[in-house]
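Visitor: This is the structure, below, for whatever I ask next.
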Amino acid sequence: MNILILGANADIGYALAKCFAQDKHTMVLASRDMQLLEKHAADLNLRYGTTVKAIYFDALDFKSHAQFYNSLDYKPDIVVAAFGYTENDADRSFEEQRKIIDSNFTGAVSILNIVANDFEARQQGCIVGISSVAGCRGRKSNGIYGSAKAAFTHYLSALRQRLSSSNVYVLTVLPGFVATKMTASMQIPAALNSTPKRVAADIYRGIQRKRNIIYTPWYWRWVMMIITHLPENVFKKIQI
Amino acid sequence: MLISGWGRYPKIKADIYSSEKHEKIADYLRNNHCIARGLGRSYGDSALYSKIFSSKRLNCLLAFNAETGILHCESGITLYDIVHSFVPRGWFLGVTPGTQWVTIGGAIASDVHGKNHHRVGCFSEFVHSLQLVLPNGEIINCNREQNSELFHATCGGMGLTGIILSAQIQLIPIQSAYIEQTTYKTNSLEETIELFEKYSNVSYSVAWLDCTQTENRGVLILGEHAQNQPYDFLKTKTYSIPFAIPAMLNRYTATWFNKFYYQMHRNEAKQTIYLIDYFYPLDRISNWNLLYGKNGFLQYQCVIPESNAKNALQKIMHKINSSSHKPFLAVLKLLGTENANYLSFPLKGYTLALDFKYSQELLPFLNELDHIVQEHGGRIYLTKDACMSQSFFEASYAKLETFKALREKIAATAHINSLQSQRLGLDR
Numbered sequence: 002m003n004i005l006i007l008g009a010n011a012d013i014g015y016a017l018a019k020c021f022a023q024d025k026h027t028m029v030l031a032s033r034d035m036q037l038l039e040k041h042a043a044d045l046n047l048r049y050g051t052t053v054k055a056i057y058f059d060a061l062d063f064k065s066h067a068q069f070y071n072s073l074d075y076k077p078d079i080v081v082a083a084f085g086y087t088e089n090d091a092d093r094s095f096e097e098q099r100k101i102i103d104s105n106f107t108g109a110v111s112i113l114n115i116v117a118n119d120f121e122a123r124q125q126g127c128i129v130g131i132s133s134v135a136g137c138r139g140r141k142s143n144g145i146y147g148s149a150k151a152a153f154t155h156y157l158s159a160l161r162q163r164l165s166s167s168n169v170y171v172l173t174v175l176p177g178f179v180a181t182k183m184t185a186s187m188q189i190p191a192a193l194n195s196t197p198k199r200v201a202a203d204i205y206r207g208i209q210r211k212r213n214i215i216y217t218p219w220y221w222r223w224v225m226m227i228i229t230h231l232p233e234n235v236f237k238k239i240q241i
Numbered sequence: 012m013l014i015s016g017w018g019r020y021p022k023i024k025a026d027i028y029s030s031e032k033h034e035k036i037a038d039y040l041r042n043n044h045c046i047a048r049g050l051g052r053s054y055g056d057s058a059l060y061s062k063i064f065s066s067k068r069l070n071c072l073l074a075f076n077a078e079t080g081i082l083h084c085e086s087g088i089t090l091y092d093i094v095h096s097f098v099p100r101g102w103f104l105g106v107t108p109g110t111q112w113v114t115i116g117g118a119i120a121s122d123v124h125g126k127n128h129h130r131v132g133c134f135s136e137f138v139h140s141l142q143l144v145l146p147n148g149e150i151i152n153c154n155r156e157q158n159s160e161l162f163h164a165t166c167g168g169m170g171l172t173g174i175i176l177s178a179q180i181q182l183i184p185i186q187s188a189y190i191e192q193t194t195y196k197t198n199s200l201e202e203t204i205e206l207f208e209k210y211s212n213v214s215y216s217v218a219w220l221d222c223t224q225t226e227n228r229g230v231l232i233l234g235e236h237a238q239n240q241p242y243d244f245l246k247t248k249t250y251s252i253p254f255a256i257p258a259m260l261n262r263y264t265a266t267w268f269n270k271f272y273y274q275m276h277r278n279e280a281k282q283t284i285y286l287i288d289y290f291y292p293l294d295r296i297s298n299w300n301l302l303y304g305k306n307g308f309l310q311y312q313c314v315i316p317e318s319n320a321k322n323a324l325q326k327i328m329h330k331i332n333s334s335s336h337k338p339f340l341a342v343l344k345l346l347g348t349e350n351a352n353y354l355s356f357p358l359k360g361y362t363l364a365l366d367f368k369y370s371q372e373l374l375p376f377l378n379e380l381d382h383i384v385q386e387h388g389g390r391i392y393l394t395k396d397a398c399m400s401q402s403f404f405e406a407s408y409a410k411l412e413t414f415k416a417l418r419e420k421i422a423a424t425a426h427i428n429s430l431q432s433q434r435l436g437l438d439r
């Protein structure tokens with residue numbers, strides 16, 4: 002299978018790349034930091050004997066997305082949107098907030114629309130969107146990130162419905178807290194912090210089993226079920 | 012977060028930082044007093060300090076030359092990564108310690124040795140060069156020709172010269188993923204030593220000793236790389252201890268285990284076993300250190316020069332026999348000549364490693380063992396050490412002053428510290 006991982010330098014994206022490489026899939030890694038990306042590609046090729054390629058991709062450069070996708074050597078069978086960005090400071094400037102929205106939502110819509118059209122035409126494919134449980138309910142500490150992820154989850158759901166009659170699968174991944182470079186500055190209790198390796202294994206299994214929505218680790222489904230059902234009067238007073 | 016070495020003694024609170032970007036690492040080192048840490052498999056306090064740089068994000072294989080067998084990799088790469096990526100392709104490590112869960116940085120900083128030191132020396136023998144960040148943030152290349160002083164200080168230098176970013180390692184070609192193993196049962200320490208001498212030209216050798224009985228019976232395990240066997244990689248099942256099990260390993264279970272271990276082996280038995288099982292038997296239980304309970308344990312590893320070895324070892328065994336401290340595991344290995352690295356542990360003689368459950372009374376007891384080792388011209392392995400005195404350390408490492416002078420020169424003395432370096436007077 003041909004795999005395209007957008008945001009392959011992200012910890013989860015890279016861990017997922019390892020899962021695919023282990024099973025010897027052909028893979029293209031895409032990200033902005035080419036130096037790091039080439040290092041990652043070389044590592045995968047040395048470990049698993051694959052011929053993984055590294056190409057430049059900027060989620061925020063919407064105009065480049067069509068050309069990016071058309072210039073791929075071969076059309077992928079599975080596309081993973083693993084890029085994302087957050088700053089966990091509530092009083093960020095609007096510019097910063099817009100960057101969060103664009104990196105997590107608008108950029109994803111831009112590229113995945115192109116992918117979806119292609120998959121629909123080919124009547125095959127799998128789109129994996131790495132969203133977040135932060136999108137399940139708006140919290141003050143990451144309201145903008147959460148909104149963007151909520152929008153992304155919503156978008157993936159609409160895509161799933163649109164593409165279901167075209168033999169195309171859309172997997173929404175909802176991780177909880179994961180120990181990555183994105184959350185490195187956050188204080189997260191160790192018991193709640195998962196690892197990129199564990200999340201990637203769950204995602205990989207979800208892809209193989211053609212799941213629609215997965216929470217990783219599994220217990221976040223139940224945690225968020227409780228959180229989303231709390232009455233607003235109660236929720237607004239909680240310090241989380 | 013609360014952190015410790017493999018022995019889980021001592022434990023301290025530390026802030027841990029990691030990055031894969033060289034500029035960020037250089038910046039961090041410039042602005043923080045810290046120590047580097049790999050997988051934390053040194054037993055004592057060598058990788059403990061209030062601020063720690065973790066090499067976990069330096070986890071990429073960079074390049075491999077299939078003609079020469081030279082691998083360029085980052086310092087956070089583990090021996091596990093190398094074994095799993097390269098054994099199926101016919102390459103192995105020239106020197107490997109008894110666990111795969113050690114980083115390249117750690118293997119270099121401890122200048123680890125394996126079951127073949129008497130034949131090929133330490134891990135650094137197979138290091139062509141390394142890339143190091145100095146306390147002032149400068150990144151330099153060190154090998155035996157360029158910045159050679161720093162090379163000899165860093166190999167075995169317990170992380171006290173800087174942060175290792177990457178290294179060029181020489182792998183060795185192997186003909187299969189199997190080892191031809193031969194075991195011999197012995198009835199005494201003398202017999203074990205005799206057999207070590209007799210089989211000193213065998214590639215790999217190690218002996219387990221029973222320290223729970225007066226007669227120190229043993230099992231000598233020899234190994235050679237097998238020819239005509241497959242390279243196929245088998246996934247071995249590992250077990251995980253869920254939490255620190257109180258009092259699981261004590262003098263009674265130690266006695267029982269040692270009896271069982273001796274019975275389990277047949278004399279002059281030959282077996283072709285999988286490479287992972289020969290070199291890394293303890294890796295089967297992924298966190299076996301928890302078996303010692305919440306207070307942890309100490310491993311006492313010393314080396315005695317060959318002329319005094321039998322004498323010293325007998326005295327040590329005698330001391331253990333007449334005490335309540337029974338080592339759960341005792342391992343003896345033959346070591347070859349000392350190398351040029353300033354703080355490298357091995358010298359020509361025998362090394363004995365003893366695992367003791369921690370207790371208050373253990374530390375003075377180990378001090379008494381130190382006296383025996385010192386009076387016979389031996390020394391302690393820093394990677395296992397958690398309680399050696401500064402005076403014993405200074406008396407037993409002849410190149411210490413050279414090491415200290417170099418540290419001073421690169422401004423590491425006041426900048427790169429660990430609990431161990433503080434305890435051993437390396438920071439003054």
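Each protein sequence line maps, in turn, to chains X and Y.
Start counting the first sequence at 2; every next residue gets the next number (the numbering used here).
Start counting the second sequence at 12; every next residue gets the next number (the numbering used here).
By construction, the Cβ of each residue, glycine as well, lies at the ideal position given by its N, Cα and C atoms.
Just so it is clear, the structure is predicted and the values come from calculations on it, not from any experiment.
Going by the beta-carbon positions, is the gap between Y/Q179 and Y/F137 smaller than 7 Å?
Guide: The answer is no: Cβ separation not under 7 Å.
Visitor: Rounded to whole angstroms, what is the Cα-Cα separation between Y/S441 and Y/Y210?
Guide: Residue 441 of chain Y lies beyond the stretch modelled for chain Y, which goes from 12 to 439, so this question has no answer here.
Visitor: What number of angstroms, rounded off, separates the C-alpha of X/L175 from the C-alpha of Y/Q224?
Guide: So the two alpha carbons sit approximately 58 Å from each other.
Visitor: In chain order, what residues of the same chain have a beta carbon less than 7 Å from the beta carbon of X/A97, not counting five sequence neighbours either side?
Guide: Before going further, note that residue 97 of chain X is Glu rather than Ala in the sequence given. Only E88 meet the Cβ criterion.
Visitor: So Y/Q181 is in the beta strand (DSSP E); what residue range does that whole segment cover?
Guide: Residues I174 to P184.
Visitor: Counting along the chain, where does the alpha helix (DSSP H) carrying Y/F403 start and finish?
Guide: Taken as a continuous stretch (DSSP letters only), the alpha helix (DSSP H) holding Y/F403 covers Q401 to S407.
Visitor: In chain order, what residues of the same chain lie with their CB nearer than 7 Å to the CB of Y/N145, ignoring the 5 residues before and after it?
Guide: For the record, residue 145 of chain Y in the displayed sequence is Leu; it is not Asn. So the qualifying residues of the chain are I151, G173 and I421.
Visitor: Give every residue of the same chain whose Cβ lies closer than 6 Å to the Cβ of Y/C222, excluding the five residues on either side of it in the sequence, and list them in chain order.
Guide: Closer than 6 Å at the Cβ level, and outside the excluded window around Y/C222, lie I331, P338 and A341.
Visitor: Any residues in the stretch 24 to 47 of chain X with a beta carbon nearer than 8 Å to a beta carbon of chain Y? Which ones, in chain order?
Guide: Answer in chain order: L37, K40, H41, A43, D44 and L47.
Visitor: Indicate whether at least one CB of chain X lies closer than 7 Å to the CB of Y/C71.
Guide: For Y/C71, the answer is yes, since a Cβ of chain X falls inside 7 Å of its Cβ.
Visitor: Compare the C-beta of Y/F64 against all C-beta atoms of chain X and say whether one is closer than 7 Å.
Guide: It does not: the Cβ of Y/F64 has no partner Cβ on chain X nearer than 7 Å.
Visitor: Name the chain X residues whose beta carbon is nearer than 7 Å to that of Y/S96?
Guide: The contacting residues are L47 and R48.
Visitor: Using the beta-carbon of each residue, which ones in chain X are nearer than 8 Å to Y/A74?
Guide: In chain order: A43 and L47.
Visitor: Please confirm whether Y/K410 and Y/Y353 have their CB atoms less than 7 Å apart.
Guide: Yes; because the gap between Cβ atoms is below 7 Å, this pair is in contact.
Visitor: Looking at C-alpha atoms only, which residue of X/I112, X/G144 and X/R163 is the closest neighbour of X/F84?
Guide: The shortest C-alpha separation from X/F84 is found at X/I112.
Visitor: To the nearest angstrom, how far is it from the Cα of X/S104 to the Cα of X/K182?
Guide: Approximately 16 Å, taken between the alpha carbons.
Visitor: Counting Cβ pairs closer than 8 Å, one from the stretch 93 to 102 of chain Y and one from the stretch 370 to 388 of chain Y, do we hit at least three?
Guide: Taking 8 Å as the limit for Cβ pairs, the verdict is that the stretch 370 to 388 of chain Y does not touch the stretch 93 to 102 of chain Y.
Visitor: Span of the beta strand (DSSP E) holding Y/N269?
Guide: No beta strand (DSSP E) holds Y/N269; the alpha helix (DSSP H) holding it covers R262 to M275.
Visitor: For the beta strand (DSSP E) holding Y/I63, just list the boundary residues, first then last.
Guide: Start and end: K62 to S65.
Visitor: Comparing the CB of X/L7 with every heavy atom of the ligand MG, is any distance shorter than 6 Å?
Guide: As for the ligand MG, it is missing from this structure, which has no ligand bound.
Visitor: Tell me the DSSP bridge mates of X/N3?
Guide: Answer is X/T27.
Visitor: For X/V81 and Y/V213, what's the separation of their Cα atoms in angstroms?
Guide: Rounded to the nearest angstrom, the two C-alpha atoms are 52 Å apart.
Visitor: Which residues does DSSP pair with X/V1 in a beta bridge?
Guide: Look at the range of chain X in this structure, 2 to 241, and you will see that residue 1 of chain X is not part of it.
Visitor: Confirm, please, whether the CB-CB distance from Y/C84 to Y/S135 is below 7 Å.
Guide: Not closer than 7 Å, so no.
Visitor: For X/N118, name the three-state secondary structure that DSSP assigns.
Guide: X/N118: helix per DSSP, three-state reduction.
Visitor: Check the C-beta distance from Y/H129 over to Y/L346 and give it rounded, since I have them as a contact under 8 Å.
Guide: Correct: roughly 6 Å between the Cβ atoms.
Visitor: Taking 8 Å as the limit between beta carbons, can you name the residues of its chain near Y/E441, skipping five residues before and five after?
Guide: Chain Y is shown only over 12 to 439; residue 441 of chain Y falls outside these bounds and no answer can be derived.
Visitor: Which residue or residues does DSSP assign as beta-bridge partners of Y/C45?
Guide: Partner(s): Y/I427.
Visitor: Return the CA-CA distance between Y/L301 and Y/I256, expressed in angstroms with no decimal places.
Guide: Approximately 6 Å between the Cα atoms of the pair.
Visitor: Please work out which residues of its chain come closer than 6 Å, Cβ to Cβ, to X/A1, disregarding the five sequence neighbours upstream and downstream, and give them in chain order.
Guide: Past the edges of chain X, shown from 2 to 241, lies residue 1 of chain X, and the structure says nothing about it.
Visitor: Among the candidates X/T51, X/K76, X/I13 and X/N10, whose CA atom is the shortest distance from the CA of X/K25?
Guide: Residue X/T51 is the option with its Cα nearest to X/K25.
Visitor: DSSP on Y/D56, reduced to helix/strand/coil?
Guide: Reduced to three states, the DSSP call for Y/D56 is coil.
Visitor: On the CB-based measure, 16 or more other CB atoms within 10 Å of its CB, does X/G139 come out buried or exposed?
Guide: It is exposed - the Cβ of X/G139 has fewer than 16 other Cβ atoms within 10 Å.
Visitor: Between the stretch 189 to 197 of chain X and the stretch 164 to 172 of chain X, do three or more beta carbon pairs fall short of 8 Å?
Guide: Touching, no.
Visitor: Along the chain, which unbroken stretches of the alpha helix (DSSP H) at least 4 residues long are found entirely within the stretch 343 to 400 of chain Y?
Guide: Entirely contained in the stretch 343 to 400 of chain Y, the alpha helix (DSSP H) runs reaching 4 residues are, in chain order, 373 to 386.
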